[in-house]
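Enquirer: What follows is a single structure, and I will ask about it in a moment.
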Amino acid sequence: MCTPCFRPFTGYRVQVDPLAPLLDLADVAPAFASARDAVDAAHRHRALRKHGGQVAAEASLRAAVASAALEGSRFDLEDVRGGTVTDPVVQGALRVAEALPGLVDLWPRAPRQVLAKLHVLAARGVVHDHDLGRLTSGAERIDALAGLVAGNETTPPMLLAAVVHAELITLRPFAGPAGVVARAAARLTLIGRGFDPRGLVTAEVGHLSREPEYVGSAGAYATGTTDGVRSWLRHYAAAITAGAEEIAVIGDGVLAAV
1381 MCTPCFRPFT
1391 GYRVQVDPLA
1401 PLLDLADVAP
1411 AFASARDAVD
1421 AAHRHRALRK
1431 HGGQVAAEAS
1441 LRAAVASAAL
1451 EGSRFDLEDV
1461 RGGTVTDPVV
1471 QGALRVAEAL
1481 PGLVDLWPRA
1491 PRQVLAKLHV
1501 LAARGVVHDH
1511 DLGRLTSGAE
1521 RIDALAGLVA
1531 GNETTPPMLL
1541 AAVVHAELIT
1551 LRPFAGPAGV
1561 VARAAARLTL
1571 IGRGFDPRGL
1581 VTAEVGHLSR
1591 EPEYVGSAGA
1601 YATGTTDGVR
1611 SWLRHYAAAI
1621 TAGAEEIAVI
1631 GDGVLAAV
């Protein structure tokens, strides 16, 4: 487990936030606060008053397409929307996006079960059926991560989502499109902890728009150094900000179409 991040947790409910020191890293707290402000502002977009469902559906689609692109399956959004893309990674990302609302409540109660389910959805048609939902490495680290997620009402949602995401893309504990699983788990954290309850923030679009930084900061996090973790957290805040800005783009488009 990444030393600066957290130690394995052995109980069910987190009482003391083991991630709190990460907010003391240089520039991290201001970056997170700015991202929080961007999300709050985006949640006030006037399209959400009467057309929230349309905005949420479009955000889910864009997040799925971006997540697949980050796994190397790059396709035009309109082609995916039109149903002409049969690429299995794209289809898996779409299945994951569709399933997320039904997994929100289960995520903090049974994280390992949810991760396995996400992999089954994401990797069907990509890996052998025998490998669906099965860890290929890092069982101990996954246990530690699950212990951090389960019952954790203490860690700020964006910070917890950032660490969940980084740990899973560092470990890549499943065969095939493990990054889709990582990004979905982070999204579940943001939704379930009330940071983005309607699932509107397309952080995946933010990661894709800053892909070299995404890859570089994830690699820096994997080194386990304080500077590496700081680099990742600052990137994550920037991706959340970009994902919040995408809400306005979607909302404006919905209003223009009605």
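Taken in order, the sequence shown gives residues 1381 to 1638; the numbers are from the working numbering.
Even for Gly, the Cβ is constructed at its ideal location relative to N, Cα and C.
Can you tell me the Cα-Cα spacing of VAL1469 and LEU1403, whole angstroms?
Expert: Each residue's Cα considered, the two are about 34 Å apart.
Enquirer: Going by DSSP, which residues form a beta bridge with VAL1507?
Expert: Answer is ARG1504.
Enquirer: Quick check: the Cα distance between ALA1437 and GLY1631, rounded to an integer number of angstroms?
Expert: Those two C-alpha atoms are separated by around 11 Å.
Enquirer: Could you tell me whether the stretch 1620 to 1631 touches the stretch 1418 to 1434, where touching means 3 or more Cβ pairs closer than 8 Å?
Expert: Verdict: yes, contact present.
Enquirer: Quick one: Cα of ALA1477 to Cα of ALA1546, how far?
Expert: Distance between the alpha carbons of ALA1477 and ALA1546 is about 19 Å.
Enquirer: Do you know offhand how far GLY1518's Cα is from GLN1434's?
Expert: Using only the alpha carbons, I get a separation of about 39 Å.
Enquirer: Hey, could you find the ends of the alpha helix (DSSP H) THR1621 is sitting in?
Expert: Where THR1621 is concerned, the enclosing alpha helix (DSSP H) stretches over 1606 to 1637.
Enquirer: Among PRO1481, ALA1565, ALA1637, which residue has its Cα nearest to the Cα of ARG1492?
Expert: ARG1492 has its Cα closest to that of ALA1565, out of PRO1481, ALA1565, ALA1637.
Enquirer: What is the C-beta distance between HIS1425 and VAL1638, in whole angstroms, given that I count them as a contact (C-beta under 8 Å)?
Expert: Not a contact, Cβ separation roughly 14 Å.
Enquirer: Could you check the C-alpha separation between TYR1392 and GLY1531 for me, to the nearest Å?
Expert: The pLDDT assigned to TYR1392 is 46, lower than 50, so where the model puts this residue is not dependable; a value taken from the coordinates is nonetheless given after this. One C-alpha to the other measures close to 6 Å.
Enquirer: Let me know if GLU1533 comes out buried or exposed under the rule of 16 or more other beta-carbons within 10 Å of its beta-carbon.
Expert: GLU1533 comes out exposed.
Enquirer: Assign GLU1584 to one of two classes, buried (16 or more other C-beta atoms within 10 Å of its C-beta) or exposed (fewer than that).
Expert: By the 10 Å Cβ count, GLU1584 comes out buried.
Enquirer: Please report how far the alpha carbon of ASP1509 lies from the alpha carbon of THR1582, in whole angstroms.
Expert: When rounded, the distance between both Cα atoms is 30 Å.
Enquirer: Note down, in chain order, each residue of its chain lying with its Cβ closer than 6 Å to the Cβ of VAL1544, except the 5 sequence neighbours on either side.
Expert: The residues are ALA1565, ALA1566, THR1569.
Enquirer: Given this structure, state the Cα-to-Cα distance separating VAL1408 from ASP1459, to the nearest angstrom.
Expert: For VAL1408 and ASP1459, the distance between alpha carbons rounds to 38 Å.
Enquirer: What are the start and end residues of each continuous alpha helix (DSSP H) run of 4 or more residues lying completely inside the stretch 1532 to 1608, in chain order?
Expert: Taking only runs of at least 4 residues, the alpha helix (DSSP H) segments lying wholly in the stretch 1532 to 1608 are 1537 to 1551, 1558 to 1572, 1583 to 1589, 1591 to 1602.
Enquirer: Below 8 Å on the Cβ atoms is my guess for LEU1501 versus ARG1475; work out the distance and round it to an integer in Å.
Expert: With 8 Å as the limit, LEU1501 and ARG1475 qualify as a contact, their Cβ atoms being about 4 Å apart.
Enquirer: With HIS1431 as the anchor, note down where its alpha helix (DSSP H) starts and where it stops.
Expert: Taken as a continuous stretch (DSSP letters only), the alpha helix (DSSP H) holding HIS1431 covers 1427 to 1450.
Enquirer: Does the distance from the CB of ASP1511 to the CB of ALA1555 come in under 8 Å?
Expert: Contact: yes.
Enquirer: Relative to the C-alpha of ASP1523, which residue among LEU1450, LEU1548, ALA1558 is closest?
Expert: Checked all of LEU1450, LEU1548, ALA1558; the closest Cα to ASP1523 is LEU1548.
Enquirer: Thinking C-beta only, is VAL1560 closer than 8 Å to ALA1448?
Expert: Closer than 8 Å, so yes.
Enquirer: Using a 10 Å radius around the Cβ and a threshold of 16 neighbouring Cβ atoms, would you call GLU1591 buried or exposed?
Expert: GLU1591 is exposed by the Cβ-count criterion.
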